[in-house]
Amino acid sequence: MPDLVATPGQTIGPFFHYALPFDRDRELVPPGRPDAVRLHGTVYDGAGKPIPDALLEIRQADATGQVPAVEGSLRRDGTVFTGWGRCAVDSVGRYSFTTVVPGPSSPGGAAFYAVTVFARGLLNRLFTRAYIPGDADALEADPLLAGLDPEARDGLVAVREEDGSLRFDVHLQGGRETVFLAFPRHA
Amino acid sequence: MMSNLDSQEVVSKEIADLHAGAEGETQPRLDFAPYRSSLLRHPTKDLRHADPEGAELVAPVFGHSDIDPVEADLTIQAGGEPIGERIVVRGRVLDGDGRPVRGQLVEIWQANAAGRYIHKGDQHPAPIDRHFTGVGRCLTGDDGSYAFTTIKPGPYPWRNHHNAWRPAHIHFSLFGTEFTQRMITQMYFPGDPLFALDPIYQAITDQKARDRLVATYDHDLSEHEWLLGYRWDIVLTGTHGTWMEADDA
Ligand SMILES: [Fe+3]
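This is the structure in structure tokens:
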């Protein structure tokens, strides 16, 4: 069967805040959990200014590398890990998820959060990855990272902050422009 | 009041110039200067091709514990009948191979009949309808079908250029079976005179592709003395499970 042509995307626009965010949307695990980690950062435009009307979603494996396929994201009860979260940035472009560090999807692989970015002014969603820092061999061997120049590569690896949190900034444009992804069949 | 905004004529000329060199594109351009807010918000480098893996190959799962069936009816959420033209929007969510996307979350949001959102950032001096929130959710059925009962949204002004008005639209947020299929878009209504003037709609440079965002009036969906029916099917990108097996073979 020939491929169907995908429906075009459009910008999320400025007025999503009363519709898409929901209670505990950014808490993939409760903040108090011993293995909880904060994944946070700022979304910037091409002038280096924070974007106040962006929305991020993350999709991830659990610590063992298993990707959960269970309901319970929209009404979180704090016990089920669904591996998906959503966070609208604040007035100075910051987002913050409370979650766990994902394991790699294959032994020795590089672990990452799959990230989707939406914003007013952005005509279609963007995909990227926030890789987990630390396992140098795994990062070195990753097929996507291996093909990037060092600066672009560094932009995809989250930074471990002194407080133990992971920082991953998104630059939609400019000298530190984030590497955004197209997957096969996205034509 | 004097305005330093460009005229519609200037913006329409920019749109025409960008369309002149385009052919067969199926998605909006990210770099589309007539939509002024895109200037500093589009990546300048090509998207990097990657093979999806791990979490990218599995969409989040939603179920009946996540949403209530009444969330699909935007006319009964706020303790009274909203003002406007009552409509139903019904269609199917399919993947790039034509398979229905089953049991998956569809979210919508929209302006009320007067073109006003329940959003503190919406300063359009049109009335708020206290009986209309403009937010809906549902899960697709086994055949990929979704349906929302709502009010036809009004067009609304914005500050992209002088006298800029958005065609009436409903924002749609969609998931497939893989996270790579995640998308957000806007559904429009047939015959809107604002189509040609709107840089967001026209950022899709191909007419056939633009048409895919326009619902069809379907008289069989209309209900006697009750509401008007619109049909709109959504096609997501293709999945990769089979594609990668084929690649290995
Ligand atoms: Fe809108």
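Taken in order, these protein sequences are the chains called A and B. Its first residue numbered 0, the first sequence is counted upward by one per residue in numbering that gives the first Met the number 0. Its first residue numbered 0, the second sequence is counted upward by one per residue in numbering that gives the first Met the number 0. All C-beta atoms in this analysis are idealised placements derived from N, C-alpha and C, irrespective of residue type, glycine included.
C-alpha gap between Tyr155 of chain B and Ala21 of chain B, whole angstroms = By 1-based counting over the second sequence, the position of residue 155 of chain B is 156. By 1-based counting over the second sequence, the position of residue 21 of chain B is 22. Rounded to the nearest angstrom, the two C-alpha atoms are 28 Å apart.
Nearest-angstrom Cα separation, counted from Ala157 of chain A out to Ser95 of chain A = Taking the first residue of the first sequence as position 1, residue 95 of chain A is located at position 96. Taking the first residue of the first sequence as position 1, residue 157 of chain A is located at position 158. Taking the Cα positions, Ser95 of chain A is about 13 Å away from Ala157 of chain A.
Hey, does Val69 of chain A have any beta-carbon neighbour from chain B nearer than 8 Å?
-> The sequence position of residue 69 of chain A within the first sequence is 70, counting from 1. By this cut-off, Val69 of chain A is an interface position.
Pro51 of chain B: which of A:Ser105, A:Pro20 and A:Val36 sits nearest, CA to CA?
-> Taking the second sequence and counting its residues from 1, one reaches residue 51 of chain B at position 52. With distances taken between Cα atoms, Pro51 of chain B lies closest to A:Ser105.
Measure the beta-carbon distance from Phe178 of chain B to Glu55 of chain B and round it to whole angstroms, keeping in mind my assumption that it falls under 8 Å.
-> Numbered from its first residue, the second sequence carries residue 178 of chain B at position 179. Numbered from its first residue, the second sequence carries residue 55 of chain B at position 56. Confirmed, Cβ separation roughly 5 Å.
Between the stretch 67 to 84 of chain B and the stretch 127 to 137 of chain B, are three or more C-beta pairs nearer than 8 Å?
-> Contact between the stretch 67 to 84 of chain B and the stretch 127 to 137 of chain B is present, with at least three C-beta pairs closer than 8 Å.
What number of angstroms, rounded off, separates the C-alpha of Ala202 of chain B from the C-alpha of Thr127 of chain A?
-> Within the second sequence, residue 202 of chain B is the residue found at index 203, counting from 1. Within the first sequence, residue 127 of chain A is the residue found at index 128, counting from 1. Each residue's alpha carbon lies about 22 Å from the other.
Would you tell me roughly how many angstroms separate the C-alpha atoms of Ala227 of chain B and Leu235 of chain B, rounded to the nearest one?
-> The residue you call residue 227 of chain B lines up with position 228 of the second sequence. The residue you call residue 235 of chain B lines up with position 236 of the second sequence. Here residue 227 of chain B is Leu; the residue named in the question, Ala, does not match the sequence. So the alpha carbons of these two residues sit roughly 26 Å apart.
Tell me, to the nearest whole angstrom, how far the beta carbon of Gly62 of chain B is from that of Pro99 of chain B; I am working on the premise that it is less than 8 Å.
-> For the purposes of this step, residue 62 of chain B is identified with residue 63 of the second sequence, where counting begins at 1. For the purposes of this step, residue 99 of chain B is identified with residue 100 of the second sequence, where counting begins at 1. The pair is not a contact, with the Cβ atoms about 17 Å apart (cut-off 8 Å).
Would the C-beta of Gly12 of chain A count as close to ligand 1, meaning under 7 Å from any of its heavy atoms?
-> Within the first sequence, numbered from 1, the residue matching residue 12 of chain A stands at position 13. At least one heavy atom of ligand 1 is nearer than 7 Å to the Cβ of Gly12 of chain A, so yes.
Can you pull the chain B residues whose beta carbon is under 9 Å from the beta carbon of His16 of chain A, in chain order?
-> One-based indexing of the first sequence puts residue 16 of chain A at position 17. Those are His118, Lys119 and Gly120, listed as they occur along chain B.
What does Gly174 of chain A touch in chain B if you count any residue whose Cβ is under 9 Å from its own?
-> Counting from 1 along the first sequence, the entry for residue 174 of chain A is found at position 175. Using a Cβ-Cβ cut-off of 9 Å, Gly174 of chain A is close to nothing in chain B; its nearest Cβ partner there is about 10 Å away.
Can you list, in chain order, the residues of the stretch 50 to 64 of chain B whose Cβ is nearer than 9 Å to any Cβ on chain A?
-> Only those residues of the stretch 50 to 64 of chain B whose C-beta falls short of 9 Å from the nearest C-beta of chain A are listed: Asp50, Pro51, Glu52, Gly53, Ala54, Glu55, Leu56, Val57, Ala58, Pro59, Val60, Phe61, Gly62, His63 and Ser64.
So, helix, strand or coil for Arg101 of chain B, using DSSP?
-> Counted from its first residue, the second sequence places residue 101 of chain B at position 102. Three-state result, Arg101 of chain B: coil.
Would you please verify whether the beta carbon of Thr78 of chain A is less than 8 Å from any beta carbon of chain B?
-> Taking the first residue of the first sequence as 1, we reach residue 78 of chain A at position 79. Not a single CB atom of chain B sits nearer than 8 Å to the CB of Thr78 of chain A.
Just reading off the beta strand (DSSP E) that Leu54 of chain A is part of, what are its end residues?
-> Your numbering for residue 54 of chain A matches position 55 in the first sequence. Segment Ala53 to Arg58, the beta strand (DSSP E) holding Leu54 of chain A.
Measure the alpha-carbon distance for Asp168 of chain A versus His223 of chain B and round it to whole angstroms.
-> Counting from one through the first sequence, the residue named residue 168 of chain A turns up at place 169. Counting from one through the second sequence, the residue named residue 223 of chain B turns up at place 224. In a straight line, the C-alpha of Asp168 of chain A is about 53 Å away from that of His223 of chain B.
Does ligand 3 have a heavy atom nearer than 7 Å to the CB of Ala214 of chain B?
-> In terms of ligand content, the structure shown lacks ligand 3 and carries ligand 1 instead.
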